[in-house]
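Each residue of the sequence shown is one higher than the one before, starting from 139 at the first, in this note's numbering.
All C-beta atoms in this analysis are idealised placements derived from N, C-alpha and C, irrespective of residue type, glycine included.
Since this is a predicted model, take the numbers as computed values, not measurements.
Data first, discussion second: the structure below is written as structure tokens.
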Amino acid sequence: MAKEECDTQWNKAGGNSAIRNRKICPSSEKSQRIPPFTPDRHRQSSGALPGGDTPSSNGSSSQLSDRQDHESSSKMLLMLVVGLSFSTRLYRIAEPAHVCWDETHFGKMGSYYINRTFFFDVHPPLGKMLIGLAGHMTGYDGTFPFIKPGDKYGQHNYWGMRGFCAALGSFLPVFSYLIVLELSQSSTAALFTAVLLIFDTGCITISQYILLDPVLMFFIMAAVLSTVKFNRQSHRPFSAPWWLWLVLTGVNLAGALGVKFVGLFVILLVGLNTVGDLWRLLGDLSLSLMDIAAHFLARVFGLIVLPLFLYVTIFAVHFVVLNKSGPGDGFFSSAFQSRLIGNNLHNASMPEYLAYGSTITVKNLRIAGGYLHSHWHLYPEGLGAKQQQVTAYLHKDYNNLWLVHRQDNNSQSETPDLVRHGDIIRLEHKETTRNLHSHLHEAPLTRKHFQVTGYGINGTGDANDLWQVEVCGGRKGDLVKVLRSKVRFLHRATGCVLYSSGKTLPKWGWEQVEVTCSPYLKETPSSQWNIEDHINPKLPNISLSVLKPHFLEILVESHIVMIRGNSGLKPKDNEMNSKPWHWPINYQGLRFSGVNESEYRVYLLGNPVVWWLNLAGLGLYVIMASVASVAIQRGFTLTPRRRELSHVLLRGGGMLLLGWLLHYAPFYTMGRVLYYHHYFPAMLFSSMLTGVTLDVLLKNADLLLRPPYCDLLQRVGQTLLVFGVLYSFYLFHPLSYGMTGPLSHQAGSSMAGLKWLESWEF
139 MAKEECDTQW NKAGGNSAIR NRKICPSSEK SQRIPPFTPD RHRQSSGALP
189 GGDTPSSNGS SSQLSDRQDH ESSSKMLLML VVGLSFSTRL YRIAEPAHVC
239 WDETHFGKMG SYYINRTFFF DVHPPLGKML IGLAGHMTGY DGTFPFIKPG
289 DKYGQHNYWG MRGFCAALGS FLPVFSYLIV LELSQSSTAA LFTAVLLIFD
339 TGCITISQYI LLDPVLMFFI MAAVLSTVKF NRQSHRPFSA PWWLWLVLTG
389 VNLAGALGVK FVGLFVILLV GLNTVGDLWR LLGDLSLSLM DIAAHFLARV
439 FGLIVLPLFL YVTIFAVHFV VLNKSGPGDG FFSSAFQSRL IGNNLHNASM
489 PEYLAYGSTI TVKNLRIAGG YLHSHWHLYP EGLGAKQQQV TAYLHKDYNN
539 LWLVHRQDNN SQSETPDLVR HGDIIRLEHK ETTRNLHSHL HEAPLTRKHF
589 QVTGYGINGT GDANDLWQVE VCGGRKGDLV KVLRSKVRFL HRATGCVLYS
639 SGKTLPKWGW EQVEVTCSPY LKETPSSQWN IEDHINPKLP NISLSVLKPH
689 FLEILVESHI VMIRGNSGLK PKDNEMNSKP WHWPINYQGL RFSGVNESEY
739 RVYLLGNPVV WWLNLAGLGL YVIMASVASV AIQRGFTLTP RRRELSHVLL
789 RGGGMLLLGW LLHYAPFYTM GRVLYYHHYF PAMLFSSMLT GVTLDVLLKN
839 ADLLLRPPYC DLLQRVGQTL LVFGVLYSFY LFHPLSYGMT GPLSHQAGSS
889 MAGLKWLESW EF
């Protein structure tokens with residue numbers, strides 16, 4: 139039976155009888171299989187219009203006229219999306235005129251770039267660099283301190299940094315419109331997706347402040363758009379547009395990873411898409427092995443070599459710009475610090491060998507291990523002996539200074555004796571005059587280790603204050619070189635070794651790093667130390683310029699510090715954090731500004747209708763995709779239009795579902811502190827998936843009703859969805875643009891009756 143006869147019989151029987159007629163017109167297995175992630179290669183060649191309808195049979199002139207009308211309509215819709223997106227994000231961008239939430243961090247870091255002051259952050263530098271550049275270009279001088287939320291900006295020019303973030307955030311609905319348009323070839327699906335994001339209060343709020351999130355999401359969406367555009371060029375490989383979208387994909391991948399490490403998720407998404415594409419090419423017997431090799435090498439260059447080069451370049455610029463000593467010095471090694479102008483190790487000179495009577499600082503060789511530190515505070519009751527705390531502190535501080543004494547209290551000679559491998563010494567804390575001490579009590583956190591304390595008065599203590607100096611790899615009598623020798627301190631009484639565990643102490647320990655005495659004597663960076671500062675006026679000084687490290691050394695060290703810092707982010711006492719299962723249901727937001735009726739209040743919370751539609755869309759997609767997959771796999775006869783809708787659902791929707799999973803599921807495995815705003819990249823994919831799913835659902839209304847009632851149902855459904863989103867935005871827009879006056883539970887509040895969940899805190 140001919141294909142036309144088959145389709146005619148299907149239509150006569152009605153869509154609901156497709157199952158009964160499926161064996162009348164069996165279709166080939168090849169035409170029904172769905173390759174992963176790739177758009178329909180034959181859509182244009184078959185004459186299908188971007189709206190998903192088939193062309194008129196009146197000839198080429200009619201087709202050309204229809205396409206011109208559609209292109210004009212698409213351009214008008216795109217301009218509407220651009221206008222609405224930018225207007226909603228830039229509206230009241232300067233309010234409130236004080237620091238909100240994490241602006242205290244990222245605004246301050248932008249100031250550091252303007253002042254070229256080195257700092258430490260757990261994220262890669264691109265986002266902060268761009269924020270600092272935006273501030274510099276708009277007249278901000280980098281002098282505002284960004285001490286705490288609520289600080290007034292006054293005359294400081296902060297709007298440029300906010301405006302830059304808002305502009306990048308404004309592109310998110312635009313990119314989503316273009317991505318869905320490419321994946322579904324439906325302007326209706328694309329427009330509805332854009333509406334979801336334009337009028338989402340959460341997306342507006344997170345775009346309007348000096349934060350990394352809009353910068354990160356800009357690069358994520360740009361990378362996805364570039365990938366989809368690149369896939370559409372598969373019919374003309376190695377052409378100029380093909381290379382353009384491949385290179386842009388690589389650039390945006392480097393940008394996403396350069397802002398935050400979660401950019402790895404979109405890299406994985408693009409990587410899986412590329413693997414699927416190469417697998418399809420491998421099965422194309424019209425291509426020679428040389429052709430396949432050329433495709434493979436082009437992708438290696440565009441998606442691996444180019445992004446890696448750009449990513450390394452970002453750090454090269456970062457290290458060149460931040461060349462002055464700052465608050466981040468102590469997180470890095472002594473050699474790293476020697477390259478920073480203003481650091482005490484930069485072009486410094488000091489005595490070469492450690493001597494008795496010297497004042498020193500002792501730095502742990504574990505990355506972010508900290509300086510040996512003490513202060514007047516005691517360990518709490520029940521945590522070992524109630525003696526003075528000894529910790530490791532990541533910043534330079536007067537309480538890091540220690541005096542080197544012999545094991546007895548003999549006075550120093552005119553010419554100081556040098557400390558050698560195997561010598562037994564006492565370390566006296568300069569500020570409190572207590573000795574470095576250990577005993578058989580358990581350490582506060584690492585219970586298999588022993589507690590380290592400060593003990594005694596004015597250097598007078600007991601036998602538990604004695605430590606044997608051991609130069610790693612040295613022999614008895616070897617001198618201790620400042621900065622260059624790896625040193626261990628063995629406790630004479632217990633046989634343990636001084637150790638920085640890397641664990642952060644609770645609030646009673648000022649969130650500094652735990653120092654213990656480890657009974658496990660294996661040499662590790664945690665048990666190795668170096669002498670950094672060395673003051674002894676009785677000894678000659680030498681230059682330390684030889685310590686400056688190479689670029690690759692500081693690149694590797696900075697990544698180790700960032701990764702360890704990121705994994706060490708734990709919730710502080712009374713700090714509001716959230717769990718991943720909270721996020722899709724919009725369980726709880728984040729307070730950006732204000733806590734009472736006299737303050738300007740901003741609350742990060744998604745538009746409830748948008749977020750709950752997305753949640754329903756995820757479940758609906760799974761059901762619809764399952765039905766479509768079974769229908770295709772079982773060889774059910776489908777009309778060309780319905781087959782096309784199934785392919786859109788499985789191909790385009792499948793890619794968006796994978797994007798949502800990759801940007802959401804990994805958070806369940808993370809041990810670090812998590813916040814509501816971490817879900818927003820996944821929310822972008824969820825919104826795009828909702829647009830595709832609901833569009834396919836409404837276009838299948840003819841399964842329930844016959845024309846013209848199915849068309850009416852489709853239009854009514856679209857209208858109700860858009861109206862629901864707009865009305866919800868009207869109700870909840872004060873969350874984004876600011877609220878004053880009574881709180882939501884008080885009479886006269888603009889948000890009265892809108893606290894639909896008890897967990898909302900506006």
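- Between G891 and L407 a beta carbon distance of about 41 Å is seen, past the 8 Å cut, so the two are scored as non-contacting.
- Restricted to the segment 802–875, not a single beta strand (DSSP E) segment is unbroken, complete and at least 3 residues in length.
- Fully contained in the segment 643–726 are the following alpha helix (DSSP H) runs of length 4 or more, in chain order: 689–705.
- When secondary structure is reduced to three states using DSSP, K501 falls in the strand class.
- Secondary structure at W898: coil, using DSSP grouped into helix, strand and coil.
- Under DSSP, N573 forms a beta bridge with E566 and Y593.
- At a Cβ-Cβ threshold of 8 Å, L363 and F313 count as neighbours.
- The three-state secondary structure of F376, taken from DSSP, is coil.
- Rounded to the nearest whole angstrom, the C-alpha separation of F818 and I770 is 34 Å.
- Looking at the DSSP output, Y250 sits in no beta bridge, so it has no partner there.
- Three or more Cβ pairs closer than 8 Å define a contact, and the segment 273–287 falls short of that threshold against the segment 464–483.
- The C-beta distance from V653 to V590 rounds to 5 Å, short enough to meet the 8 Å contact threshold.
- Apart from sequence neighbours up to five positions away, the residues of its chain that approach N481 with a beta-carbon distance below 8 Å are S463, D467 and Q475, ordered along the chain.
- Counted as a single uninterrupted DSSP element, the stretch harbouring Y296 is not any beta strand (DSSP E), since DSSP gives it neither H nor E.
- T387 is positioned such that its CB atom lies closer than 8 Å to that of L441.
- By the C-beta criterion, the segment 645–661 is judged not to be in contact with the segment 678–694, since fewer than 3 inter-stretch pairs fall below 8 Å.
- Rounded to whole angstroms, the separation of the alpha carbons of T497 and G703 is 30 Å.
- Take the alpha-carbon of I452 and the one of K398: they are about 13 Å apart.
- Within the model, the alpha-carbon separation for Y637 versus S665 is close to 4 Å.
- In the structure shown, H533 falls within a coil segment according to DSSP collapsed to helix, strand and coil.
- Here Q371 carries a coil assignment [DSSP, helix/strand/coil].
- Q293 has its alpha-carbon roughly 28 Å from the corresponding atom of C341.
- In this structure I673 does not touch V500 by the C-beta definition: roughly 13 Å separates them, more than the 8 Å allowed.
- Using a 10 angstroms sphere on the CB of L565, the tally of other CB atoms reaches 16 or more, which defines it as buried.
- With 16 or more other CB atoms across the displayed protein chains lying within 10 angstroms of its CB, A272 is buried.
- Contact check for Y814 and P718: beta-carbon distance about 10 Å, past the 8 Å limit, so the pair fails to qualify.
- Between R477 and K686, the C-beta gap is smaller than 8 Å, which places the two residues in contact.
- Proximity to R254 across I479, P872 and M428 peaks at I479, based on C-alpha coordinates.
- Under the three-state reduction of DSSP, T598 is assigned to strand.
- L410 and L416 have their alpha carbons spaced roughly 10 Å apart.
- L310 places its beta carbon less than 8 Å from that of L822.
- When the Cα atoms are used, L215 and V333 turn out to be separated by approximately 11 Å.
- Annotation: the continuous beta strand (DSSP E) that includes R544 extends over W540 to R544.
- If the five residues before and after V786 are omitted, its C-beta is found closer than 6 Å to the C-beta atoms of S322, all from its own chain and listed in chain order.
- Membership of W417 in the alpha helix (DSSP H) is indicated by the continuous run G401 to L420.
- A direct Cα-to-Cα measurement between S824 and W381 gives close to 29 Å.
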